[in-house]
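*Asks:* Residue numbers (the working numbering): 4 to 295. Note that CB positions come from ideal geometry on N, CA and C, so glycine has one too. Below: one structure in structure tokens.
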């Protein structure tokens with residue numbers, strides 16, 4: 004890509020500056036997440052790795068069919084440097100009501116760790132899920148990863164993972180499908196964005212290792228990529244980029260949803276009448292994916 008100037012990169016990637024009302028979104032997420040944890044069964048802070056932050060929450064499906072419910076692993080965003088799983092419990096109720104078991108992991112944040120290290124933490128979270136989710140009524144053979152922003156990047160990295168190389172008991176198609184909401188698929192532009200440099204501390208080698216669009220297309224599973232229509236030109240470029248890189252067979256859905264910004268688009272995941280929610284249910288096998 005052409006090397007744009009620093010001020011332009013900051014404008015394109017600083018979503019909090021682009022959405023002046025972002026604090027209201029965060030406040031709403033926090034309040035509705037607390038309500039979700041209080042209103043339905045859940046098991047919190049289960050460790051999946053050696054770090055204190057390597058813990059996850061499980062929200063069982065409202066109804067568990069024979070053989071177990073499909074599983075959603077939801078990965079939060081925050082540019083790999085902020086936010087917490089506790090801010091995102093709000094995504095669980097609509098999905099559990101539809102019949103999914105929801106797992107929400109935390110991870111260590113930059114600059115304490117690097118982005119490739121966070122990717123490996125998510126590998127451990129998915130490994131834990133595969134080995135343990137049946138105890139909560141989930142079907143380990145029906146795992147879909149959904150992520151927002153940096154979490155969308157991590158979700159697509161999980162679809163690319165060579166699972167048997169991590170552990171011999173893991174199937175190659177451990178992650179059946181992924182849905183990335185406002186995801187980031189190449190990290191070179193992110194590395195060059197001034198307001199992110201100090202905290203992310205990306206190196207060219209890390210960019211090469213952790214840019215999904217620069218990796219081979221996954222041999223199994225599909226990725227749906229969605230962004231808000233009101234997001235910056237760069238986020239809309241990223242949304243198109245992964246389909247260009249991986250092809251329409253692997254990325255059959257590549258859409259921008261008109262009228263939504265970087266934060267409001269995530270909230271539509273919780274609305275049963277909205278296309279994003281229906282796309283998620285389609286990946287989970289809980290509803291046929293609708294046409295536009």
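Kindly indicate which three-state DSSP category residue 254 falls into: helix, strand or coil?
*Replies:* coil
*Asks:* Helix, strand or coil for residue 232, going by three-state DSSP, please let me know.
*Replies:* coil
*Asks:* Mind checking residue 200: buried by the 16 CB within 10 Å criterion, or exposed?
*Replies:* exposed
*Asks:* Please tell me whether residue 213 and residue 190 are closer than 7 Å, where the distance is taken between their beta carbons.
*Replies:* yes
*Asks:* Measure the beta-carbon distance from residue 83 to residue 112 and round it to whole angstroms, keeping in mind my assumption that it falls under 8 Å.
*Replies:* 7 Å
*Asks:* So if DSSP puts residue 151 in a beta bridge, which residue, or which two residues, is it bridged to?
*Replies:* 184
*Asks:* Spatial neighbours of residue 68 within its chain, please: C-beta separation below 8 Å, excluding the five flanking residues on both sides.
*Replies:* If we look at residue 68 and ignore the five residues flanking it on each side, its Cβ neighbours are 102.
*Asks:* If you draw a straight line from the C-alpha of residue 109 to the C-alpha of residue 247, how long is it?
*Replies:* 30 Å
*Asks:* From 249, 148 and 14, pick the residue whose C-alpha is nearest to that of residue 184; which is it?
*Replies:* 148
*Asks:* Taking C-alpha atoms, which residue in 38, 163, 43 and 80 lies nearest to residue 100?
*Replies:* The shortest C-alpha separation from residue 100 is found at 43.
*Asks:* How far does the alpha helix (DSSP H) with residue 47 in it extend, from its first residue to its last?
*Replies:* Segment 46 to 50 is the beta strand (DSSP E) holding residue 47; no alpha helix (DSSP H) there.
*Asks:* Counting along the chain, where does the beta strand (DSSP E) carrying residue 60 start and finish?
*Replies:* Following the DSSP letters along the chain, one finds residue 60 inside the beta strand (DSSP E) bounded by residues 58 to 62.
*Asks:* Whose CA, out of 16, 27, 141 and 232, lies closest to the CA of residue 301?
*Replies:* Since the first and last residues shown for the chain are 4 and 295, residue 301 lies out of range.
*Asks:* Does residue 275 pass the burial test, meaning 16 or more other C-beta atoms within 10 Å, or should it be called exposed?
*Replies:* exposed
*Asks:* Going along the chain, which residues of its own chain have a beta-carbon closer than 8 Å to the beta-carbon of residue 260, five neighbours each way excluded?
*Replies:* 229, 230, 231, 232, 268, 271, 278 and 279
*Asks:* Kindly indicate which residue of 30, 27 and 93 has the alpha-carbon position closest to the one of residue 39.
*Replies:* 93
*Asks:* Suppose you measure from the CA of residue 178 to the CA of residue 133; what does that come to, to the nearest Å?
*Replies:* 9 Å
*Asks:* Tell me residue 162's beta-bridge partners as DSSP assigns them.
*Replies:* DSSP, once it has assigned bridges, lists no residue as partnering residue 162.
*Asks:* Find the nearest neighbour of residue 79 within the set 95, 71, 72 and 70, judged by alpha-carbon distance.
*Replies:* 95
*Asks:* Out of 176, 45 and 290, state which residue places its alpha-carbon closest to the alpha-carbon of residue 138.
*Replies:* 45
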